[in-house]
Every structure is written in C-alpha cells, then in structure tokens.
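**Q**
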Amino acid sequence: MSRALTPSILTPQDLEPHWQWEGRLPAWGFTSVDFERRIDHDRLRRYRLSRAREALKKSKAGSLLLFDVNNIRYVSATKIGEWERDKMCRFCLLTGDEAPHVWDFGSAAVHHRKYSDWLVPDHCHAGVTGMRGTIPPSFGLMKKYAEDIAGLIRDAGMIDMPVGVDYAETAMFHALQEAGLTVVDGQQIMLSAREIKNWDEIQLLTQAASMVDGVYHMIYEELKPGVRENDIVALANKLLYEMGSDDVEAINAISGERCNPHPHNFTDRLFRPGDQAFFDILQSYQGYRTCYYRTFNIGRATPAQRDAYVKCREWLDAAIQAIKPGVTTDQVAKLWPKAQEFGFPDELSAFGLQFGHGLGLALHERPIISRAVSLDNPMEIQTGMVFALETYCPAADGYSAARIEEEVVVTDRGCEVISLFPAEELPIANRY
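The opening residue of the sequence shown carries number 1 in full-length UniProt numbering; numbering runs sequentially from there.
1. For a minimum of 4 consecutive residues, which ranges assigned as the alpha helix (DSSP H) are wholly contained in the segment 132-201?
2. Given this structure, state the Cα-to-Cα distance separating Val327 from Ala350, to the nearest angstrom.
3. What are the boundary residues of the alpha helix (DSSP H) that includes Arg53?
4. Could you compute how far the alpha carbon of Tyr220 sits from the alpha carbon of Leu141?
5. Can you give me the Cβ contacts of Leu15 inside the same chain, cut-off strictly under 6 Å, excluding the 5 residues immediately before and after it?
6. When the Cβ atoms of the segment 206-221 are set against those of the segment 41-60, are three or more pairs found closer than 8 Å?
7. Cα-Cα, which of Arg38, Lys79, Thr302 is closest to Ala108?
8. Straight-line CA distance for Gly398 to Asn260?
9. Is there contact here, the segment 357-367 with the segment 227-245, by at least three beta-carbon pairs under 8 Å?
10. Would you mind working out which of Ala99, Asp275, Thr31 sits nearest Arg431, comparing C-alpha positions?
11. Locate the beta strand (DSSP E) running through Glu229, then write down its first and last residues.
12. Taking C-alpha atoms, which residue in Ile323, Ser63, Arg85 lies nearest to Pro100?
13. Could you check how far apart the C-beta atoms of Leu353 and His262 are, in whole angstroms? I think they sit under 8 Å.
14. With a cut-off of 8 Å on the beta carbons, I'd call Phe67 and Asp166 a contact; round off their distance for me.
15. Tell me the DSSP secondary structure of Asn70 in three-state form.
16. Look at the Cβ atom of Cys291, then the Cβ atom of Ala388, and state whether they are nearer than 8 Å.
17. Less than 6 Å between C-beta atoms, sequence neighbours within five positions excluded: which residues of the same chain meet that for Ala193?
18. Just to confirm before moving on: does the CB-CB distance between Val75 and Arg48 stay below 8 Å?
19. Suppose you measure from the CA of Met218 to the CA of Val128; what does that come to, to the nearest Å?
20. Using the C-alpha atoms, what's the distance from Ala308 back to Leu223?
21. I'd like to know if the segment 274-288 and the segment 367-378 are in contact, where contact means that at least 3 CB-CB pairs between them fall below 8 Å.
22. Helix, strand or coil for Ala388, going by three-state DSSP, please let me know.
23. In three-state terms, what does DSSP make of Cys89?
24. For the beta strand (DSSP E) that Arg294 lies in, which residues bound it at each end?
25. Do Asn198 and Pro17 have their beta-carbon atoms positioned less than 8 Å apart in this structure?
26. Under the assumption that Arg132 contacts Met190 (Cβ atoms under 8 Å), give the Cβ distance between them as a whole number of angstroms.
27. If you measure between the beta carbons of Ala277 and Ile298, is that distance less than 8 Å?
28. What do you reckon, are the CB atoms on Thr383 and Asp412 nearer than 8 Å?
29. Taking just the CA atoms, how far does Ala429 sit from Pro26?
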C-alpha cells in the first residue's frame, strides 16, 4: 500500500530522476509484471510532487492554487473523465508543507478517499466553483471556496505570501482577492517544475510514441483514392483507443491543395492519386502526450513534392543534431528559415510551422523553440527535457507541402528520437 504524500514521507531522494542513459530508451509493455521493472507509479508521484514543492520554494509565492487539470494531476495524481478538461470545475491547493488538498467533482472526491491512498483522506473535498460561469458567482460558491482556501493557507502559515494561480474564472480571481489573498502567476512556477522529466515520465512518453508508430503503419496501408481524411481520423481514433490511449486530443489530416497554407484540421476530402498528405497525432497514454507528424504521397510523387520533403527533412535534421544539454533555444531556432523564405510575411504568421515544444502532461510545455519567441527569449536545453521538433516546407507547385515532426528526449550527451515511423525519405503509400 502507498503512504500518503505528506512532508514526512517525501525525502530529497525523491527529486532524483533515476535516468538510465546507457543503451536505447525502452518502450515497455503496458501492464505491470513481476519479471521487469517498468513504470514505478509511487516513484513518479513522489518525484512530481517534490518538483512542484521545490519550484514553489524557489518562487515568491507561498502557495499554489491550481485549476489546470495537467497541474492538478502533476501535484495530486488525480484524474477524472476527459470531459472536465475545459470546465474549470476541479482545483488543488499546495501550501506550505501541507499535503495537497483536492476539490473534486461530487463523488470523485469519495472515490479518491477510497482508492487514492497516497492522498490524505481529509484533504479530498467535494467541491465545484463556477463551471465556466454556469453556476453564477451570485450563488456564493466562489466566495465560500476562496474563504476556505484562505483559511487553509493561514493555517499553513503562508497567509502573508502571494498565492500562485495557474488560471481561473475571472470571478474567482476577484473572490480570492476579496478573501485577502495576493494572486500571482502560478503557471510559470508549475511549468518550471514540469520541464524536467524523470525516468518514469520518459518511459510513459516513449510508450505513447510507440502507439503512434503503429497508427502510422496503419495509415500507410490505408491511404488510397476513395478514402477520405475523416476516414483516416476515425480509424486512427479506433486503433489508439484499442491500444490504451486515454485521450485522442486531435488528429490533423491534410491533403492535396489543402496542404498550403496549413489549416490545422481535417475534412471529408477524398484522397486523390499523387496527393501529398500529412497528419499529426495528438493523444495521451496515462496523461503523457504525443505530437507526431508524418507526410505521405499517395501512389506517386512529383519532383516538386520530393524537393519540399527533402528541405523539410534537412531543416529538421539540423535541429535534431544541435540538441544537447547547454545549447540554448535561440541557437536551434536560428537553424530554421525565416518566415519570408517560405512564403509568410512575418514570424507570427508562420508561428508553429518551424517549431519546438515540450511534451508531458500537456501538449505544449517548456521549452518553446521558435524564431518568433526564442531569438529574444532564449532558454537553456537541459538533460531530461522531452520535446517535439516540427518543420514545414511548401512545394514549388503552390499547393503541396511537407510536414515532419520528431519527438526527442534530451540525454546527458545529446538526444534520442522516440518517434520511429520511418521518415528519412518521402513514403509513397500504395505506389503505382
């Protein structure tokens, strides 16, 4: 049985990431077994809470009040149905040296007390605030919980220090201030905690990527005239959930003349012979996300389409080769073409096309790598970061384009790619 994650249980050793860089990063089977050491969930919970505590102590805040479900999961290791992601109906408090408090949706709090034995039972509360305004502030719930939170912070001896809030409804910010609390940005505190992954997080991210490897093999076999973009999206969703995905966040499927400019969506367009088509698969396994693009041609490819793919691959490979601890994000971003060099008026118009972003419980974590951001706000790349690198190159024909993305783990000496479906050369699906 786990023990509650109280200050007396956590030790400095819980901050150890337990990396094992010798050999290839493993992608274990998904079940627990007695003959292999796979995911250690107790170690994972202790590491994440310890990272959050350390980040909080390094900040000017004395407490963290969290409404972002990724942050709630990171600190408390609780999760309910994916429907709650945008409702702002759950919240978590980390204050002083207290164990986390979690307010959850009705009976979920009872479930936590019964089954989440790493939590202090009395710290699992039933509660809800505004649910995006559907429960009006005049009802008084926000006032009640703001006062309850202020009382807990006072009891922990942190009332004279600011409280870091990641995000909340506007009325909740007002209620917290009326309860006497000084609110500061808590999202930056949590992002600093989450940017370095331990061995268990890296294994979960690798397992998630291995699922997408399989989806791309399916796509490679299914791409042909008579199939629609949304057909591929449906098949990918089915396969991912069969493999154990807990959330297929989105699947982009873009083909033919829709490739340039990139619309970031999918439609019911039929694939046609000679189409260039690219896909992005965003899903999670035990909360840990993928962002993983691949480009294919259907039946055949033109010289212009092949040239676009070669350039896209060269830009991506240059970035991958540069990744190692101590390199800064501006150095990587400078390896990519300026927006004007591939048809866009400025860097914000091209934002996200030559791009890097951290992966973890959220799709976008630290670091962000972009000419629009990194040149003036560089960040040091560190061992244990996991991020995606993605490039985009329009073809000379004016409508085709190539899009490739690789997920990398920063090791002690460089990086290892964990997105393994072949992309060194342009794949031709069902070649004529």
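Where a beta carbon is used, it is the ideal one built from N, C-alpha and C, also for glycine. Keep in mind that this is a model prediction, so the values were computed, not measured.
**A** To lay it out plainly:
1. 141-155, 170-178, 187-194
2. 24 Å
3. 41-58
4. 52 Å
5. Ser50
6. no
7. Lys79
8. 7 Å
9. no
10. Asp275
11. First-last for Glu229: 229-243, but that is the alpha helix (DSSP H), not the beta strand (DSSP E).
12. Ser63
13. 7 Å
14. 6 Å
15. helix
16. yes
17. Arg51, Ala52, Ala55
18. yes
19. 42 Å
20. 20 Å
21. no
22. strand
23. coil
24. 292-298
25. yes
26. Actually they are not in contact, since the Cβ atoms of Arg132 and Met190 sit about 21 Å apart, beyond 8 Å.
27. yes
28. yes
29. 29 Å
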